[in-house]
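First to last, the protein sequences are chains A, B and C. When we follow the numbering used here, the leftmost residue of the first sequence carries the number 5, and every step to the right adds one. When we follow the numbering used here, the leftmost residue of the second sequence carries the number 14, and every step to the right adds one. When we follow the numbering used here, the leftmost residue of the third sequence carries the number 170, and every step to the right adds one. Virtual Cβ for every residue (Gly too), placed ideally from N, Cα, C.
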Amino acid sequence: MAEQRVILNVNGRNYDISIEPEMTLVEVLRDKLDLTGTKISCGEGECGACTVLMDGKPCLSCCTLAIQAQGKSIVTIEGLAEKGQLHPLQKSFIDHGAIQCGYCTPGMILTSKALLDENPNPTPEDVKTALAGNLCRCTGYVKIVDAVMAAADEIKK
Amino acid sequence: MARPLKSFEYFEPSTIDEATRLLSTYQPTVKVIAAGVDLIPRMRSRKIQPQYLVSMMNIPGLTNIENDEESLRFGSMTTLMSLERLLKDDKTYPALYEAIHQLSSTQVKNTATLVGNLCVATPASDMSSALCALGAKLKISGISTERTVPIKDFYLGVGQTVLQPDEIITEVIVPRPSANSGNAFLNLLRVKCDVAKVNVGVSLVLANDRCKEVRIVLGAVAPIIVRAKQAEEKLLKANSFDKKAIEEAAQTAAMEVTPITDLRSTAEYRKEMVKVLVKQALEKAWSRAK
Amino acid sequence: MNEEFSSVGKRITQVDVAAKATGEARYTPDLKLPGMLIGKVLHSPYPHANIKKIDTSKALALPGVEAVITFDDTPKKAYARSYRDSPMNSSGHLQHSDEYILNEKVRYVGDHIAAVAAVDEKTADLALDLIEVEYEILPYYIDPQEAMQPGTVPIHDWAPNNIPIVMDSAPPYLAQGDVEKGFAESDVVVEETFFASKQVGAHLETQACLANVDANGRITCYSPSQLPHLFRRELAKMFRTTVGMINVVTPFVGGSFGIRLSCQNEPICIALALKTRKPVKLVYTMEEDFTELDTRTPDYFTIKMGFKKDGTLHAYHIDTLTWSGGYLGRAQLAGGITLAWGLGHYRCPNTNGKVTIVYTNTTPTGAMRGFGNPEVSWAAEQVIDMGAEKLGMDPVEVRLKNIKKPGEMSNIGLSIESTWEDECLIQGAEAIGWKEKFGKPKQEGKVRRGVGCACMHHCSGAHPLLLEHSGAIIKFNEDGSASLMVNPGSPGTHIWGALAQIAAEELGIYPEDFNIVAGTTDGSLFDLGSHASRSTYVTGGAVRQAARQAKSRLLARAAKTLEVSPDELDIKDRQIFVKSSPERKVSVADICFNGIFNFEGDCETVMGAASFESRWNSPPTAAFFAEVEVDMETYEVKVINFVNAQDCGTAINPMSVEGQCEGGIQQGVGYALTEDYSINRDTGKAETDNFTTYKMPGTLDMPKSTEVIIINKPDPKGPFGAKGVGEPAMVGVAPAIANAVYDAVGVRITDLPITPEKIFAALKMKSR
């Protein structure tokens with residue numbers, strides 16, 4: 005189908021691009037905007053590796069048409085650090101051994117950010133529930149939960 | 014990579030009328046898209062290949078939620094998360110809350126619509142069983158038409174509903190349960206994020222220790238959701254609503270279905286679990302009715 | 170701990186994870202080269218068929234398509250996915266080259282028969298639909314029992330009855346005593362048959378390759394391969410070129426788990442790049458991963474153990490039927506390892522076994538994490554429990570009685586350098602509350618609890634089966650920082666950190682002083698690769714050796730400055746000091762600077778380079794304890810507590826060891842309870858081909874609590890006493906859970922996974 009012009013707001017910046025309606029958000033992010041931090045893994049919305057924040061809420065970018073992301077503010081993992089200053093979640097994941105192969109990491113961090121933005125005092129159960137749609141094959145999730153809890157403490161300071 | 018989607022033309026109508034006309038014009042190769050959480054994977058795997066997509070995103074009013082003494086009414090673009098939040102505080106519809114809450118993926122709940130899930134018409138839809146137990150109805154619009162269909166009559170088969178080519182669901186109406194009533198939802202899964210092996214939704218109204226009204230809905234054990242009519246009859250006829258009556262009803266419900274063996278479970282286990290879950294759900298609903 | 174270490178043993182963060190936290194880390198699917206084409210593969214929809222004709226003309230005619238290749242367009246050089254027929258030793262006879270880059274006959278649904286390179290993914294995908302293939306359908310066999318019947322159509326012509334390999338006997342060092350006599354002499358004999366299932370690696374990064382051929386015809390292959398140097402050799406043979414004409418580059422890798430030991434779609438990608446003379450990127454979908462890549466090798470086991478009444482194991486026989494796929498993959502090795510790791514674990518005077526490998530029309534199988542050990546442990550660790558029950562003895566006691574001690578023969582036939590398997594059992598039992606919880610009288614009520622255990626011993630590398638050769642280079646910069654040049658890329662196992670800690674410890678500087686330069690065959694000394702839990706033990710050994718060399722250069726130069734002899738010096742905290750009067754010192758940085766900017770005719774870049782062969786193999790050991798709760802109405806199993814007690818020698822980085830163990834629990838719980846590969850018998854197609862259908866544990870499916878115990882006693886041979894841990898982390902998880910279920914409800918599930926459906930059926934059977 006013919007390309008359409010869309011304006012996507014990603015990491016605070018407006019991108020004026022031409023895309024076909026059938027392009028999913030993750031394809032546009034990775035192939036058109038060269039933001040490869042968002043990963044494609046299962047391609048059917050089960051693993052959460054493609055998670056981005058859309059108006060602050062975690063969303064599966066492999067199951068979202070890019071054309072439907074217009075007018076929303078999208079945040080990818082690349083948009084989290086500010087001028088080289090890591091977000092407390094990023095720092096916490098690094099410090100707590102919560103990253104092994106790293107493929108699930110962008111999705112895990114963004115989903116965690118949405119959780120902490122809404123609930124700054126989560127219990128470990130809250131964290132596990134929030135991350136239930138993010139699969140990891142390396143870590144067994146233990147240190148990921150530890151990292152999110154530690155980041156919550158850090159953010160409160 | 015995930016497989017690229019095949020080309021399609023994309024429309025964003027701003028009224029229901031426009032939407033229904035588009036559906037009529039482009040049938041049968043047109044599909045409605047809400048968030049796309051279910052649609053896009055099915056398109057990617059080529060299970061369906063629509064040439065036209067009609068988005069509901071720009072139609073005003075479809076995310077409204079109204080909750081009063083009469084009913085809970087929500088528009089067809091209402092996300093699972095907004096419903097979950099509302100129902101967490103309003104404890105009148107625990108069956109619906111439980112059906113949504115147990116859906117584990119935060120991402121899915123944030124963007125997917127409940128109505129989108131209904132329209133896929135899978136035998137194991139948790140939402141369908143819970144809503145049917147609550148006696149929910151669907152408001153459906155076509156070109157210059159409007160009708161209301163109880164959810165128990167909505168499904169025709171796997172992937173098949175009563176929706177005509179030009180029709181879309183605009184609203185779900187869930188009648189407010191009366192006093193002395195209780196409802197519950199249960200299911201069984203392989204892991205927390207999964208399609209149900211078996212699910213059960215029940216609601217009942219008690220009067221003088223007898224069962225005045227009851228709905229027992231079974232899912233994932235037949236091509237569409239099933240009302241366990243004989244089990245319901247037994248309960249209505251029983252002299253008193255008690256443990257024994259519940260057990261008998263549960264056993265009867267299990268005999269009303271012939272589930273299959275598939276990659277998620279076996280026929281024997283599913284049948285046994287109908288008995289177990291109906292019993293547990295009735296007990297839960299009972300404790301809520303008191 | 171015997172020694173005080175400055176870097177080894179510390180919970181440091183990994184230098185390569187920051188890029189993963191910001192999204193900068195580029196994995197193979199993220200890479201782009203100018204002019205790059207996208208490749209896609211046509212897979213067979215049939216489980217067994219001859220290809221009569223392939224017409225690629227319509228596909229080629231599609232605008233944007235630059236190449237379409239089939240069997241005819243690729244070198245007719247058969248290879249083995251396990252490509253170990255290079256100078257490897259005794260396992261060489263177990264290799265058979267039975268695959269082509271694109272196959273001429275299809276042997277499983279998913280088999281690769283043609284490939285396309287086009288300007289974008291959409292075009293490549295459309296082109297696949299335009300390739301017309303005429304098949305001659307053949308009878309197909311899903312189960313090994315049916316494939317091996319007389320009269321079946323051979324899947325490979327040279328393997329009648331679809332049996333490519335039979336090992337009639339265990340390896341000589343394990344075919345000992347007289348098994349029949351041993352059983353006759355035993356007071357208690359137990360025997361049972363088990364099925365260890367086809368577990369999928371399910372690494373989140375799907376299989377990917379980017380291949381480029383430069384102006385000199387040199388091939389660069391970006392791939393997540395775990396064995397780049399061996400892979401390069403195999404590619405050279407496949408493409409009839411020389412090793413020097415290929416550079417294998419491993420960028421960040423999104424999980425491997427042994428699946429990426431095999432070459433998967435790389436040869437196809439390279440063939441497309443050679444044909445088009447443009448870079449080609451070929452990335453599989455998750456469905457392709459599930460149907461095309463190696464999985465864990467499933468086996469049927471019949472295991473028989475005979476005990477004396479005091480609990481001593483007296484006779485032990487393992488009969489393994491290995492369910493290979495359409496090609497051998499690594500099935501033959503996985504099958505062989507079940508014998509060796511099974512029979513070699515416990516002390517027993519009469520042992521023997523047999524392995525039969527069978528071809529079937531299903532996805533090839535390989536070496537998933539543990540490579541035969543989790544499979545045989547699934548069975549053997551239940552049989553030993555069965556023996557304990559018949560003996561009237563505690564299963565932990567029976568294990569303690571029969572596990573081996575240092576100096577006895579390991580599973581691989583060498584003298585055991587160190588083992589603390591007893592400590593693992595004792596401490597693990599204590600942690601789970603074994604004494605209070607095991608073997609309690611029959612419970613009533615809706616929920617039953619039980620505990621179970623398992624133990625194992627594994628390997629650190631594969632000497633003497635394989636050539637355990639790794640190399641490392643350390644090169645100092647003028648500011649005292651250094652490059653550590655090794656081969657393993659960043660597979661996510663935290664190996665870079667461990668290697669930096671080892672180097673830092675040896676050199677007396679800090680792990681953060683190292684910049685890891687890794688991931689290319691051009692830029693690294695030969696390294697066998699990342700597998701068999703060898704990276705810390707062997708590559709670590711090479712790093713320590715290279716560090717020693719660099720240290721001797723630092724000391725030699727510093728000796729001149731400080732006017733002492735080198736053996737009077739040592740290094741600590743980046744300072745080279747005189748041992749007898751430490752205030753006399755000079756910094757590492759100053760010595761390095763002086764080497765580079767030297768105006769006295771003594772220029773030198775301080776460095777060390779070492780090729781290291783491990784001629785030992787210290788087995789890591791471990792014990793696993795599970796506490797489960799079984800719901801007696803729904804028969805669902807919940808793991809309440811899990812204890813993973815590891816003897817991996819010195820834990821170079823305890824945080825990384827914990828991470829391996831916690832991840833091992835996830836894979837083990839999935840193997841035990843939820844991962845169930847299902848094949849449609851009518852079509853031969855995998856019904857479980859993505860995460861909607863194939864379920865691995867998420868956050869809410871893990872045990873409520875997990876505990877990792879690190880025994881942390883040094884091994885005499887490993888670098889600073891380290892042994893392997895990557896695979897041991899998961900080996901005994903599943904049988905511990907099975908034994909706990911038995912303790913809880915009195916039924917033993919012998920076929921993986923343990924599902925509520927099976928428990929329901931077993932209890933129903935039992936009550937009849």
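Within 10 angstroms of the Cβ of A353 (chain C), are there 16 or more other Cβ atoms? Answer buried if so, exposed if not.
On the third sequence, position 184 is the one that residue 353 (chain C) refers to. Under this definition A353 (chain C) is an exposed residue.
Against chain C, which members of the segment 76-87 of chain A pass a CB distance test of less than 8 Å?
T80, I81, E82, L84 and A85
Based on the DSSP output, what are the partners of T940 (chain C) in its beta bridges?
Examination of residue 940 (chain C) is not possible in this model, given that chain C is present from 170 through 937 alone.
Would you say L299 (chain C) reaches chain A, if we count a Cβ-Cβ gap shorter than 8 Å as a contact?
Start at 1 with the first residue of the third sequence, and residue 299 (chain C) comes out as number 130. So, not an interface residue.
Can at least three beta-carbon pairs, one atom from the segment 670-679 of chain C and one from the segment 809-818 of chain C, be found at a separation below 8 Å?
The segment 670-679 of chain C vs the segment 809-818 of chain C: no contact.
Report the three-state DSSP secondary structure of L12 (chain A) (helix, strand or coil).
Working through the first sequence from its first residue, we reach residue 12 (chain A) at position 8. Reduced to three states, the DSSP call for L12 (chain A) is strand.
In chain order, what residues of the same chain have a beta carbon less than 7 Å from the beta carbon of A108 (chain B), not counting five sequence neighbours either side?
Indexing the second sequence from 1 puts residue 108 (chain B) at position 95. Around A108 (chain B): A143, A146, L147, N196, A197, F198, G214 and S216.
Any C-beta of chain A within less than 9 Å: which residues of the segment 655-676 of chain C qualify?
Within the segment 655-676 of chain C, the qualifying residues are S659, P660, G661, T662 and H663.
Do S117 (chain B) and A136 (chain A) have their C-beta atoms closer together than 8 Å?
For the purposes of this step, residue 117 (chain B) is identified with residue 104 of the second sequence, where counting begins at 1. For the purposes of this step, residue 136 (chain A) is identified with residue 132 of the first sequence, where counting begins at 1. Closer than 8 Å, so yes.
Taking C-beta pairs closer than 8 Å, name the residues in chain B that S847 (chain C) reaches, listed in chain order.
In the third sequence, residue 847 (chain C) corresponds to position 678, counting from 1. Residues of chain B with a Cβ closer than 8 Å to the Cβ of S847 (chain C) are, in chain order, L276.
Assuming A116 (chain C) is part of the beta strand (DSSP E), what are its boundary residues?
Residue 116 (chain C) lies beyond the range of chain C shown here (170 to 937); nothing can be said about it.
As an exercise, report each continuous beta strand (DSSP E) stretch of at least 3 residues that is fully enclosed by the segment 516-540 of chain C, in chain order.
519-527
Counting only Cβ-Cβ distances shorter than 9 Å, please list the residues of the segment 192-218 of chain B near chain A, keeping chain order.
Within the segment 192-218 of chain B, contact with chain A at the beta-carbon level (separation under 9 Å) is assigned to K205 and C206.
Just to confirm my understanding: we take P190 (chain B), look at its own chain, exclude 5 residues before and 5 after, and list those with CB closer than 8 Å. What are they?
Residue numbering aside, residue 190 (chain B) sits at position 177 when the second sequence is read from its first letter. The residues are T105, Y106, L147, N196, S216 and V218.
Using the rule of at least 16 other Cβ atoms within 10 Å of the residue's Cβ for burial, across every protein chain shown, is M865 (chain C) buried or exposed?
Numbered from 1 along the third sequence, position 696 holds the residue referred to as residue 865 (chain C). Buried, because 16 or more other Cβ atoms sit within 10 Å of the Cβ of M865 (chain C).
Start and end of the alpha helix (DSSP H) containing L299 (chain C)?
The residue you call residue 299 (chain C) lines up with position 130 of the third sequence. E290 to L299 is the extent of the alpha helix (DSSP H) around L299 (chain C).
For S787 (chain C) versus S587 (chain C), is the C-beta spacing smaller than 8 Å?
Mapped onto the third sequence, residue 787 (chain C) falls at position 618. Mapped onto the third sequence, residue 587 (chain C) falls at position 418. Cβ distance < 8 Å, so S787 (chain C) and S587 (chain C) count as in contact.
Can you name the residues of chain A whose CB is closer than 7 Å to the CB of E111 (chain B)?
For the purposes of this step, residue 111 (chain B) is taken as residue 98 along the second sequence, with counting starting at 1. Under the 7 Å cutoff, chain A gives no residues; its nearest Cβ is about 14 Å from E111 (chain B).
Would you mind sorting D241 (chain C) into buried or exposed? The rule is 16 or more other CB atoms within 10 Å of its CB.
Residue mapping note: residue 241 (chain C) aligns to position 72 of the third sequence, counting from 1. D241 (chain C) comes out exposed.
According to DSSP, which residues form a beta bridge with I685 (chain C)?
Numbered from its first residue, the third sequence carries residue 685 (chain C) at position 516. DSSP, once it has assigned bridges, lists C:L653 as partnering I685 (chain C).
So, is S22 (chain A) buried or exposed, given that buried needs 16 or more other C-beta atoms within 10 angstroms?
The residue you call residue 22 (chain A) lines up with position 18 of the first sequence. Exposed, by the Cβ-count rule.
When the Cα of A384 (chain C) is compared with those of C:F363, C:F421 and C:P448, which residue comes out closest?
Translated into positions along the third sequence, residue 384 (chain C) becomes position 215. It is C:P448.
Could you tell me whether the Cβ atoms of I182 (chain B) and S89 (chain B) are closer together than 8 Å?
Residue 182 (chain B) sits at position 169 when you count from the first residue of the second sequence. Residue 89 (chain B) sits at position 76 when you count from the first residue of the second sequence. A contact, by the Cβ cut-off of 8 Å.
In three-state terms, what does DSSP make of F889 (chain C)?
Within the third sequence, the letter at position 720 stands for residue 889 (chain C). Helix at F889 (chain C).
Exposed or buried, what is P751 (chain C) when buried is set at 16 or more other beta-carbons lying within 10 Å of its beta-carbon?
On the third sequence, position 582 is the one that residue 751 (chain C) refers to. P751 (chain C) is exposed by the Cβ-count criterion.
Leaving out five residues on either side along the sequence, give the residues of the same chain with a beta carbon under 8 Å from the beta carbon of V149 (chain A).
Along the first sequence, one-based indexing puts residue 149 (chain A) at 145. P128, V131, K132 and L135.
For N200 (chain B), count neighbouring Cβ atoms within 10 angstroms of its own Cβ and tell me buried if that reaches 16, exposed if not.
Walking along the second sequence from the start, residue 200 (chain B) turns up at place 187. Under this definition N200 (chain B) is a buried residue.
Just reading off the beta strand (DSSP E) that H632 (chain C) is part of, what are its end residues?
As a working mapping, residue 632 (chain C) is identified with position 463 in the third sequence. Per DSSP, H632 (chain C) belongs to no beta strand (DSSP E) and is neither H nor E.
Using the C-alpha atoms, what's the distance from T174 (chain B) back to D222 (chain B)?
The sequence position of residue 222 (chain B) within the second sequence is 209, counting from 1. The sequence position of residue 174 (chain B) within the second sequence is 161, counting from 1. Whole-angstrom Cα-Cα distance: 38 Å.
Need the endpoints of the alpha helix (DSSP H) that P188 (chain B) sits in, please.
On the second sequence, position 175 is the one that residue 188 (chain B) refers to. Looking at the DSSP string, P188 (chain B) is not in any alpha helix (DSSP H); the run it does join, the beta strand (DSSP E), is I181 to P188.
Locate the beta strand (DSSP E) running through N810 (chain C), then write down its first and last residues.
Position 641 of the third sequence, counted from the first residue, corresponds to residue 810 (chain C). Per DSSP, N810 (chain C) belongs to the beta strand (DSSP E) from V806 to D816.
Can you have a look at F766 (chain C) and say buried or exposed, based on whether 16 or more other CB atoms are within 10 angstroms of its CB?
Mapped onto the third sequence, residue 766 (chain C) falls at position 597. Exposed: under 16 other Cβ atoms inside 10 Å.
For chain A, find out if any of its Cβ atoms is closer than 8 Å to the Cβ of M865 (chain C); answer yes or no.
Here residue 865 (chain C) refers to the residue found at position 696 of the third sequence. Answer yes: the Cβ-Cβ gap between M865 (chain C) and chain A drops below 8 Å somewhere.
Counting Cβ pairs, one atom from each stretch, are 3 or more of them under 8 Å apart for the segment 385-404 of chain C and the segment 612-631 of chain C?
no
Quick one: Cα of Y911 (chain C) to Cα of V806 (chain C), how far?
Against the third sequence, residue 911 (chain C) aligns to sequence position 742. Against the third sequence, residue 806 (chain C) aligns to sequence position 637. Taking C-alpha positions only, Y911 (chain C) is separated from V806 (chain C) by approximately 11 Å.
Considering Cα atoms alone, identify which of C:R499, C:D488, C:G386 and C:K720 is closest to C432 (chain C).
The sequence position of residue 432 (chain C) within the third sequence is 263, counting from 1. Answer by Cα proximity: C:R499.
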